[in-house]
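Residues 74 to 484 in the working numbering are what the sequence shown lists, from first letter to last. Don't be surprised by glycine CBs; every beta carbon is placed ideally from N, CA and C. Model, not experiment: these values are computed from the prediction. Data block below; observations after.
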Amino acid sequence: MLEVNQAESIILSLVQPLDADKDVETIDLLNSSGRILANPVVSKLDFPHWDNSAMDGYALKFADVKDCSPENSISLEIVEEILAGSKPQKQIQPGQTARIFTGACMPIGADTIVIQEVTQREGNRVLILEAPEPQAFVRYRGSFYKAGTPVLNPRIYLGAAEIAVLAALQCTQINVYRRVKVGIFSTGNELVKPDQPLKYGQIVDSNEYALTIALEKMGVEVIKFGILPDEPEILQKTIAEAILNTDFLLSTGGVSVGDYDYIEEIITELGAEIHVHSVAVKPGKPLTVASFPNTKCLYFGLPGNPVSALVSFWRFVQPALKKLAGANEAEWGPEFVRARLLQDLNSKNKRETYLWGQLNLGNDGYEFKLAVGSHYSGNLINLAGATGLAVVPLNENFIPAGESVRVLKIN
Ligand code: AMP
Ligand code: MG
């Protein structure tokens with residue numbers, strides 16, 4: 074049985090990121106939220122494009138006003154008014170100024186802005202009541218960004234700020250990595266869909282919904298193969314087809330040690346090499362990770378228990394997916410924080426144990442509150458509302474309240 078860190082590094086080493094040439098598509102900027110940029114972006118323009126004013130006020134020569142104060146004010150002639158978006162017409166001479174507004178271009182001859190709050194207008198003249206700093210409130214051309222250097226690096230996720238930058242650069246069509254394709258199916262003769270009547274002994278397949286949502290949230294294209302019975306021929310036929318058209322294939326159930334847990338046997342017959350068979354983690358001990366000879370698809374046989382399936386997904390599948398999708402290594406996660414425990418943590422097993430609850434920001438950093446109720450991997454109910462998984466390390470079985478622990482951020 075592998076330790077969690079060993080399983081994690083084996084899984085990540087099996088993943089080849091999407092290709093920066095072949096796996097790229099051009100899309101509208103407005104549809105690019107959450108996508109991953111494929112190429113560096115460079116602008117031909119400096120930012121700001123022109124020297125301009127950061128405030129409403131007066132553009133003038135610093136030398137004219139450097140000694141002024143309320144007692145020693147200086148009167149300047151206003152030679153023009155410059156609005157944002159218009160081109161200055163006059164050159165500022167000694168003793169002159171231009172009325173200027175935020176974002177408007179600096180006139181030639183002026184080097185400083187005096188804000189209007191420290192001035193007094195008198196017809197076509199203005200009294201300057203306070204000496205500014207030299208070059209005050211001038212946003213110089215190129216002071217934020219110099220044309221020709223990379224403004225955005227590839228492999229970053231696109232959010233509001235990155236998309237705003239691309240909009241400012243007038244890049245309305247951009248190259249991003251294609252969406253990753255992930256196939257999912259649930260195994261078990263006992264399973265029914267949430268909208269089907271439940272007969273005695275049956276269990277609702279919640280895993281399909283859980284995985285669909287978790288994957289779609291990551292921008293993945295989800296291909297659903299539904300519920301498959303514990304019948305080797307049907308399972309084998311579906312898997313053989315699915316691995317040809319997906320980047321990852323995820324199944325739940327059938328990877329434990331029961332008589333009807335066929336997954337490993339079936340994929341071995343399909344030529345799979347099994348890299349992970351089980352992990353010293355609770356929940357989620359049974360975890361099959363396999364590759365196939367004639368396809369790049371990576372197979373993840375997740376445990377059937379709903380909590381185990383999700384914990385395995387968050388801990389192992391999600392980072393692998395981010396690597397596959399083209400994201401920077403810094404983005405792969407999983408994201409751990411340290412939090413102070415509000416209750417004792419107990420673990421009665423010899424595995425790295427993940428206990429679910431709420432992660433909140435207190436006065437002295439994060440605090441972790443254990444979910445009430447059973448922490449059995451089949452108890453999906455109290456996983457709802459959880460925002461973190463507190464970790465009890467391997468071979469430890471008690472951590473008292475007040476201690477700081479590692480918590481995996483979820484949802
Ligand atoms: P298995 O790993 O197939 O032995 O399943 C372990 C437990 O998880 C059993 O109690 C199953 O009924 C339950 N289970 C398996 N698949 C699902 C599913 N898709 N949704 C909800 N529960 C499941
Ligand atoms: Mg089963």
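Could you pull the start and end residues of the alpha helix (DSSP H) that residue i belongs to?
| i | result |
| --- | --- |
| residue 132 | No alpha helix (DSSP H) holds residue 132; the beta strand (DSSP E) holding it covers 130–133. |
| residue 341 | 336–342 |
| residue 309 | 305–318 |
| residue 379 | 379–385 |
Out of curiosity, what's the CA-to-CA distance linking residue i and residue j?
| i | j | result |
| --- | --- | --- |
| residue 268 | residue 118 | 56 Å |
| residue 194 | residue 210 | 20 Å |
| residue 346 | residue 366 | 8 Å |
| residue 430 | residue 207 | 55 Å |
| residue 338 | residue 296 | 23 Å |
| residue 322 | residue 414 | 37 Å |
| residue 234 | residue 219 | 19 Å |
| residue 304 | residue 272 | 20 Å |
| residue 230 | residue 242 | 17 Å |
| residue 153 | residue 141 | 22 Å |
| residue 292 | residue 265 | 27 Å |
| residue 484 | residue 300 | 25 Å |
| residue 282 | residue 382 | 12 Å |
| residue 298 | residue 459 | 28 Å |
| residue 487 | residue 375 | In the structure as shown, the chain begins at 74 and stops at 484. Residue 487 is therefore absent and cannot be evaluated. |
| residue 440 | residue 385 | 23 Å |
| residue 437 | residue 418 | 20 Å |
| residue 102 | residue 250 | 13 Å |
| residue 325 | residue 157 | 60 Å |
| residue 380 | residue 462 | 11 Å |
| residue 200 | residue 122 | 31 Å |
| residue 334 | residue 364 | 19 Å |
| residue 406 | residue 87 | 16 Å |
What residues in its chain sit with their C-beta under 6 Å from that of residue i, if we drop five residues either side in the sequence?
| i | result |
| --- | --- |
| residue 28 | The requested residue 28 is not part of the displayed model; the chain covers only 74 to 484. |
| residue 217 | 120 |
| residue 263 | 275, 276 |
| residue 390 | 373 |
Would you give the residue range spanned by the beta strand (DSSP E) that residue i belongs to?
| i | result |
| --- | --- |
| residue 369 | 368–375 |
| residue 359 | 359–365 |
| residue 396 | First-last for residue 396: 391–398, but that is the alpha helix (DSSP H), not the beta strand (DSSP E). |
| residue 333 | Looking at the DSSP string, residue 333 is not in any beta strand (DSSP E), and its letter there is neither H nor E. |
| residue 477 | 477–482 |
| residue 349 | 346–351 |
| residue 148 | 147–155 |
Looking only at its chain, what residues have a beta carbon closer than 8 Å to the beta carbon of residue i, apart from the 5 residues adjacent to it on each side?
| i | result |
| --- | --- |
| residue 124 | 178, 179, 211, 212, 213, 214 |
| residue 167 | 134, 136, 137 |
| residue 319 | 254, 255, 256, 296, 370 |
| residue 402 | 396 |
Can you name, in chain order, every residue of its own chain whose Cβ lies under 7 Å from the Cβ of residue i, other than the five neighbours on each side?
| i | result |
| --- | --- |
| residue 221 | 115 |
| residue 473 | 417 |
| residue 310 | none |
In chain order, which beta strand (DSSP E) runs of at least 3 residues are fully inside the region 174–207?
185–188, 192–195, 198–201
Residue ranges of each beta strand (DSSP E) run of no fewer than 3 residues wholly in the region 77–123, ordered along the chain?
97–101
Could you name the residues whose beta carbon sits closer than 7 Å to any heavy atom belonging to the ligand AMP, keeping them in chain order?
259, 260, 261, 263, 264, 276, 277, 278, 279, 280, 281, 325, 326, 327, 328, 329, 331, 334, 359, 376, 377, 378, 379, 451
Quick check for students: name the residue ranges of the beta strand (DSSP E) that lie wholly in the region 211–289, counting only runs of 3 or more.
Runs found: 223–225, 246–250, 254–260.
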